[in-house]
Ligand code: FAD
Ligand code: NAI
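In our numbering, the protein residues as written are 115 to 600.
Okay, here's the thing in C-alpha cells:
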C-alpha cells in the first residue's frame, strides 16, 4: 500500500528536526509534525534562551565589576531594562527557530503544524486550528521530548511558582528568588539572575550540588563561587510547602530534619524533567513504555515496533540536545538502510554556570568501577594560564584522568572559562582512544585557554612547565620530543 510519506517525524526539537533533515538529505519523502515551536524546547525555552540570558548577565556583571579594574570609568550607573533584555532574548530564539524552518524547507521536508496522535501503528491524526487530518508513513521517528516535573505542594502557575520556561521569560527582575533543585537548570538560571541583581536562595534535596552527579573537585569550585557571589545554598533541603504571603511566597523546607522557612517573591522549581511519552498516543501504535516513562530502544533507536523509532529526551540516558541530534541522525540513516548504531564512547555534558563546567568520559569513581584501579590524574589550574589571567577569569582547572599503565585517557573534567569549548578536544581524544602523550605532544597555540589541556596532560605525566611539579622517579615522564615508552 502506498503511504503518504516514507518517514514522519513527530516533534521538531533538536532530535526531530535533525532527523527530518538527514532523512530528506538521503532522498526519503519526509514530513515533520510540530504542535508548538520549530526547534523544540532547546531553541525556544531551553538551551538558546538560557545561554542568551547567561551571556547577557555575564556582560552586565563584567561591566559592573571588571571594567573599573581594567581602567574603564562609567560616568553613570549601568542599568538593566529587563523587558528589553527579555525581548532581545526572544529575537535570538526567533532567529534560531526561523533558521530551522528554512533548513527544513530547503531540504524539502513537509512541515505539518499540529498535534500528532497515533491512531494505529501506521497512521497518525494531526489536529490543528485548521481541523483534523490523517497521514500515513512507512516509518516514524518519535521525538516528543520532555517537560518539567512538579512536586507535591508546588504546581506551576508561571507567576509565583515558575518552571524554567517562566523563569526564562521574565519582564521584571524578581527581588528574591527561591530555587528548589540545585541541579543544572537551577544553578544556570539562579546564577544569571543573581548577576542581574536578584537575591537567590537554593534549596538542594541531596547532600551535594548537581545531586552529586558531577566530579566532586569541580563541584567545589562552583560551590565556592556561588558563595562568593552571595548565593545562599542549603543542601539536604527538601521543600515541603509553599504559601502566598504579603505579595510573595513562604516556602517551608525540611533541612537535615529541621523545618525552616524561606521568604521570596517567586519560586523556581527545577527538580528534573520527565519524558513526553504520553503525548502522541504511542499505546495505539503498540509501542512499549518503560521505567519512568522512558521509551526502550535498541542501539539503532528502534522501539519494540520495528518501523517506529524514538530519540532524544524521550529515551533518556542523558537529556541533552546534542545527544538527541546524534540519535536523530542514527534513526534516519538506519531507516535509509545504512548500518548505523549508537556507539559513541562519550556524551559530553556542559553546565553553563560561573565558571562553566564540562565533562567527557568517566569520573575517578567510574574509572574504578570499570576496572581501572591505578589512575594517573593531572590537574592544571587556569590561574597559570596567560589567557585566563588576561580575561580576569582564573577560577578553576582542567583535570585529566588516565589509566596509569597504558596512559589511555578515561575522563576529562573542566571547570573554568570556556570549558564548554575546550571539552570538544577531550571528546575527540576519548573517541580516538588517545593517550596522555597525544595531548601533551600536540602543539597548542599561545596564548589560549586550550593550552590548559596540553599542560594538564603534561602534568599527569609529571612535567607541566607552568606549575611546579615534584620530580617523579625515573626521569619525570616523557621527553618533550618523543613518546613515552610504556
Ligand atoms: P524537545 O526539544 O523537547 O522537542 C520536542 C518537541 O516535540 C516539542 O517542540 C514539542 O512541542 C513537540 N511535541 C510533543 N508532542 C507532540 C505531538 N503530539 N505532536 C506534535 N509535536 C509534539 N541541553 C543541552 O544540550 N545544552 C543546554 O545548554 C541545555 N539547556 C537547557 C536549558 C533548559 C532551561 C532546558 C529546559 C533544557 C536544556 N537542555 C539543554 C536540554 C535540551 O533542551 C533537551 O535535551 C532537548 O531539547 C531535547 O530534544 P528533543 O528533540 O528530544 O525534544
Ligand atoms: P537536574 O536533575 O539537573 O537537577 C535536579 C536537582 O533537584 C537535583 O540536584 C536533585 O537532587 C534536586 N531535587 C530533586 N528533588 C528535589 C526536591 N524535592 N527538593 C529539592 N531538590 C530536589 O534537573 P534540572 O535542573 O531540572 O534539569 C533537567 C535536565 O535538563 C538536566 O538533567 C539536563 O539533562 C537538561 N539541561 C541541560 C543543560 C545543559 O546541558 N547545560 C541545561 C539545563 C538543562
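The beta-carbon is built from N, C-alpha and C at its ideal position, and this holds for glycine as well. On a predicted model such as this, the values are computed, not experimentally measured, just so you know.
Inset, instruction - Can you say whether residue 422 is buried or exposed, counting buried as having 16 or more other CB atoms within 10 angstroms of its CB? - result: A buried status is given to residue 422, since no fewer than 16 other beta-carbon atoms sit within 10 Å of its beta-carbon.
Inset, instruction - Could you check the C-alpha separation between residue 520 and residue 304 for me, to the nearest Å? - result: Across the structure, residue 520 and residue 304 are spaced so that their CA atoms are roughly 42 Å apart.
Legend entry - Cross-strand partners of residue 98 (DSSP beta bridge): Residue numbering for the chain in the displayed model covers 115 to 600; residue 98 lies beyond these limits and cannot be assessed.
Inset, instruction - Can you grab the Cα-Cα spacing for the pair residue 347 / residue 486, in whole Å? - result: Each residue's Cα considered, the two are about 35 Å apart.
Inset, instruction - Leaving aside the five residues before and after residue 144 along the sequence, list all residues of the same chain whose C-beta is less than 6 Å from its C-beta, in chain order. - result: Around residue 144: 121, 134, 137, 138 and 223.
Inset, instruction - Could I get the ranges of all uninterrupted beta strand (DSSP E) runs contained in the region 264 to 313, with 3 residues as the minimum, in chain order? - result: DSSP assignment within the region 264 to 313 yields the following whole beta strand (DSSP E) runs of 3 residues or more, N-terminal first: 290 to 294.
Inset, instruction - For residue 179, count neighbouring C-beta atoms within 10 Å of its own C-beta (all shown protein chains included) and say buried if the count is 16 or more, exposed if not. - result: Result: exposed.
Inset, instruction - Taking only heavy atoms of the ligand NAI into account, decide whether any of them is closer than 7 Å to the Cβ of residue 547. - result: Residue 547 Cβ: outside cutoff for every heavy atom of the ligand NAI.
Legend entry - Identified DSSP bridge partners for residue 623: Residue 623 lies beyond the stretch modelled for the chain, which goes from 115 to 600, so this question has no answer here.
Legend entry - Extent of the continuous beta strand (DSSP E) run through residue 180: Unbroken run through residue 180 is the alpha helix (DSSP H), 161 to 184; no beta strand (DSSP E).
Inset, instruction - Verify the contact flag: residue 165, CB atom, against every heavy atom of the ligand FAD, threshold strictly below 7 Å. - result: Under cutoff, so the answer is yes.
Inset, instruction - Consult DSSP for residue 423 and reduce its assignment to one of helix, strand or coil. - result: Residue 423 falls in the strand class under three-state DSSP.
Legend entry - In DSSP terms, what residue 231 is bridged to: Bridge partners of residue 231: 239.
Legend entry - C-beta atoms of residue 459 and residue 544 nearer than 8 Å: Going by beta carbons, residue 459 and residue 544 fall inside the 8 Å limit.
Legend entry - Where residue 249 falls: helix, strand or coil (DSSP): DSSP places residue 249 in strand when its eight states are reduced to three.
Legend entry - Per DSSP, cross-strand counterpart(s) of residue 493: 513, per the DSSP bridge assignment.
Inset, instruction - Please confirm if the region 194 to 214 is in contact with the region 359 to 376, defined as three or more CB-CB distances below 8 Å between the two stretches. - result: Because the criterion of three Cβ pairs below 8 Å is not met, the region 194 to 214 and the region 359 to 376 do not touch.
Inset, instruction - Flag residue 417 as yes when its Cβ comes closer than 7 Å to any non-hydrogen atom of the ligand FAD, and as no otherwise. - result: No, since every heavy atom of the ligand FAD falls outside the 7 Å radius drawn around the Cβ of residue 417.
Inset, instruction - Can you say whether residue 291 is buried or exposed, counting buried as having 16 or more other CB atoms within 10 angstroms of its CB? - result: Residue 291 is buried by the Cβ-count criterion.
Inset, instruction - Label residue 610 either buried or exposed according to how many other C-beta atoms from any shown protein chain fall within 10 Å of its C-beta, with 16 as the threshold for buried. - result: The structure shown does not extend to residue 610, since the chain is modelled only from 115 to 600, so the question has no answer here.
Inset, instruction - From the DSSP output, in three-state form, read off residue 443 for me. - result: Under the three-state reduction of DSSP output, residue 443 falls in the helix class.
Inset, instruction - Pick out whichever of 286, 227, 151 and 493 has its Cα sitting closest to the Cα of residue 567. - result: Ranking 286, 227, 151 and 493 by CA distance to the CA of residue 567 puts 493 first.
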